[in-house]
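I have placed the structure first, in the form of structure tokens, so that the comments after it can refer back to it.
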Amino acid sequence: MSRFLKIFLGVLTAIGGFVDIGDLVANAETGARFGLGLAWVVLVGVVGIVVYAEMAGRVAASSGRPVFDLVRERLGPRVALVNLLASFFINFLTLAAELAGVAIALSLLAGVSYVLLVPAVAFLVWVVVWRMSFGAIEHVFGIMGLALLVFVVALVHLSPDWTSMLHEATHPALPTEETPFTYAFFAIALFGAAMTPYEVFFFSSGAVEEGWTRRDLATNRLNVYVGFPLGGLLSLAIMAVASQVLRPAGISVGTLPQVVLPVAVVLGKVGLAVAILGVFAATFGAAIETGLSAGYTVAQYLGWQWGKFVRPRDAPRFHLVVLVSIVLGALFLLSGIDPIMVTEYSIVLSAAALPLTYFPILVIANDPEYMGTLTNGKVLNAIAMTYLCILTIVAVATVPLMIITKGGA
Amino acid sequence: MRRTVVLVALAVAFVVGCAHPVGPARTFGAYEGKARTTVSSARSNVETVRLAVDALARGNSFGPYTAVVVSDAEDALGGLQGTFGSIQPPDRRADALRREVDDLLGDALDGVSAARIAVRRSERPDTAALVESASALAQWLAAHP
Amino acid sequence: MSGRRFWAHLHLLDRQLVDRDGRLCGNVDDLELEWRDGRLWVSGLRTGAGSLARRLGARVLGAWLDQVHRGVDPERADHTFIPLRHVADLGDHVTLSLDRTEVATWHGERWVADHVIAHIPGSGHASDE
């Protein structure tokens, strides 16, 4: 296919693939509770993930190895083990949440309880991981995820007062029912949702799966610099729509179906159907990514053959980890646990573990042994270091805030 | 190694335990606070059902979606009623508050359950009860800032 | 390879092991050292989760994992040791002159491949690009 089309496809995939259940829930919840008062957090988060995803892609293209693979040899097995255990656990929670998201999206069309659909969903996710090529997975679910643009359409259709919205976003004010602690807690949750660690593992391993070399760096940069911010705008649309429709009615978001309710109110049946399709695609794609990430992290730490670019018979333990993770994720959901609570824990704990994920990327991206001449420039390092400081502050504040606000209640 | 594992497990248990809001209320103020949170959540659920049922009536959504939304709200209200009811009222003044809130929750649950039954039968739900309940909840919240 | 100096800890330990066909076959989980002529020499590499566990201080876990490795090895031999003479090249990974079937982790992979993966249809083809 022509080069231009390929690039266009890549950017679209990045936009559509940016949002997952964490973003859906976090943006809708904060929109309903704080209006646009936390919009700035999404912007800060998007810049952060753009900076680090570009680095992770560059590492993979220069060294031929994904970032996580290099953590053990660069930072030692102990640090890497802590990284592995924390990342695997959080990734597992995220996987379960995404599986729930798919099941819930389908339940909205079937009218049955989502729990009944979990086993079928888990099986479907695994079958796609097993049989579909990496590139096809990325493109199909990424493009389908663009259905979430319906939130932008809904927002425009509402004809909101754009000036007052802009004012609300640029002059964050604390609503009377909230405290500075809940504000900070939700800021952290939103941040964790935007800078999800698995994105980076997956992105980096994906670059190797697709055989990126230095020649692909420009495409990588385009996808990241254009795709991710547009994905961030999608997140903000979800937040804005919730603030315009749910907040005035005193509705706080505690379930996934509430997230798409504004679209039904504004755009009717068609809008609702498109929104549900978007949720399905976003969560299905993310379930695949987190499933594969479970395999990538374990296999790369232990040096096993990994990847979809080889026959499953040649990477058996990798595929076993992926299969077992999906099965355990489904069983976890069948225990009846609240999927929104699982989502919230996954994004908040992601925020707490961010320094663990991002610090190795920065170290490796500066190492000429892996990067050759493509090490970070001074400006990039300055930005990345600033972010690392922010991430550390966020990580330290997470657990105390979780206790003080009793989980954001 | 083993000591680290035990410490981490204890830390996780502590954090998970603290991150959950249901605990006893020892003063009237604390009890009223919990009442406020409960009524606020109840209002959110009733308004959600109102919005969803309204959208269905206007032809802006479809049956299965509305059924799930209403069922979720019904489950949530039941949970709220149960959780609030299980909190020990600290004094006699709190008893009156308890009855008040329980009545509000009961009415909300009745309205939402009726809506759920109607939606699942593909019948038109009666929104009067929902509107009344929503406004009663809002009034209570205004009276207890 | 002669004439280049390496730091054993930096260039050997925790590096990816790659076999002569470029397949991944584990990491360098530990090093075997021996005294000879009054100096310490690296006599070979150790691989396998058991070796790693032992190196990190979890002796009981390490012993159990080695047991598991031996259990899936048809010869019931200890393949976790790779003599240094089998190292063909050192770069950002360690290339061996062996085939991956001769390395410890292979038996674990083969066991899982035969007992689990092979039973799932489609395991013999990589997904088409």
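For the protein sequence lines, the chains are A, B and C, in the order given.
Anchor point for the first sequence: position 127 equals 127 in this note's numbering, and the numbering is continuous, going up by one each time.
Anchor point for the second sequence: position 133 equals 1133 in this note's numbering, and the numbering is continuous, going up by one each time.
Anchor point for the third sequence: position 35 equals 2035 in this note's numbering, and the numbering is continuous, going up by one each time.
Positions of the beta carbon are idealized from the N, C-alpha and C atoms, including for glycine.
Since this is a predicted model, take the numbers as computed values, not measurements.
With 16 other Cβ atoms within 10 Å as the buried cut-off, status of A:A189: buried
On the three-pair Cβ rule with 8 angstroms, is the region 93 to 113 of chain A touching the region 1062 to 1069 of chain B? yes
Run through the region 32 to 64 of chain A for me and flag every whole alpha helix (DSSP H) of 4 or more residues, listed as ranges in chain order. 39 to 63
Opening and closing residue of the beta strand (DSSP E) in which C:R2036 lies: D2030 to R2036
Which value, in whole angstroms, describes the spacing of the CA atoms of C:T2101 and C:E2034? 26 angstroms
Would you identify the three-state DSSP class for A:I361, choosing helix, strand or coil? helix
From the DSSP output, read off the bridge partner residues of C:N2027. C:Q2016
In angstroms, rounded to a whole number, what distance separates the CA positions of B:V1112 and A:P262? 19 angstroms
Measure the alpha-carbon distance for A:F8 versus A:I21 and round it to whole angstroms. 25 angstroms
Please classify C:R2015 as buried or exposed, where buried requires at least 16 other C-beta atoms within 10 Å of its C-beta. buried
Between the region 254 to 286 of chain A and chain B, which residues of the former have a C-beta closer than 7 angstroms to a C-beta of the latter? G254, T255, P257, Q258, L261, A264, V265, G268, K269 and L272
Suppose contacts are defined by Cβ-Cβ distances below 8 angstroms. Is A:A28 in contact with A:I238 by that definition? yes
Straight-line CA distance for C:A2118 to C:G2124? 8 angstroms
Inter-residue Cα distance where the pair is A:I326 and B:A1030: 43 angstroms
Name the one or two DSSP bridge partners that C:P2083 has. C:G2044
Alpha helix (DSSP H) segment containing C:L2096, residue limits: Segment V2094 to L2096 is the beta strand (DSSP E) holding C:L2096; no alpha helix (DSSP H) there.
Chain A residues whose Cβ lies nearer than 9 angstroms to that of C:S2123: W130, R311, P312, R313, P316 and H319
For C:L2017 and chain A, any beta-carbon pair shorter than 8 angstroms? yes
Which two residues bound the contiguous alpha helix (DSSP H) that contains B:D1072? G1063 to S1086
Output yes if chain C places a C-beta closer than 8 angstroms to the C-beta of A:P77; else output no. yes
Measure the alpha-carbon distance for C:P2121 versus C:T2095 and round it to whole angstroms. 33 angstroms
What residues match up with C:L2090 in a beta bridge as DSSP calls it? C:V2094
Roughly how many angstroms separate the alpha carbons of A:L155 and A:P77, rounded to a whole number? 49 angstroms
Taking just the CA atoms, how far does B:N1060 sit from A:V265? 6 angstroms
Which term fits A:P312, buried or exposed, when burial requires 16 or more other beta carbons within 10 angstroms of its beta carbon? buried
Tell me which residues share the same chain as B:R1120 and place their Cβ nearer than 7 angstroms to its Cβ, disregarding the 5 neighbours each side in the sequence. A1067
Quick one: using the 10 Å Cβ neighbour count with 16 as the cut-off for buried, is C:G2057 buried or exposed? exposed
What are the start and end residues of each continuous alpha helix (DSSP H) run of 4 or more residues lying completely inside the region 105 to 172 of chain A, in chain order? 114 to 131, 134 to 145, 150 to 157 and 162 to 170
Reduced DSSP secondary structure (H/G/I, E/B, other) of C:R2039: strand
For the alpha helix (DSSP H) containing A:G227, name the first residue and the last one. That residue, A:G227, is in no alpha helix (DSSP H); it is neither H nor E in DSSP.
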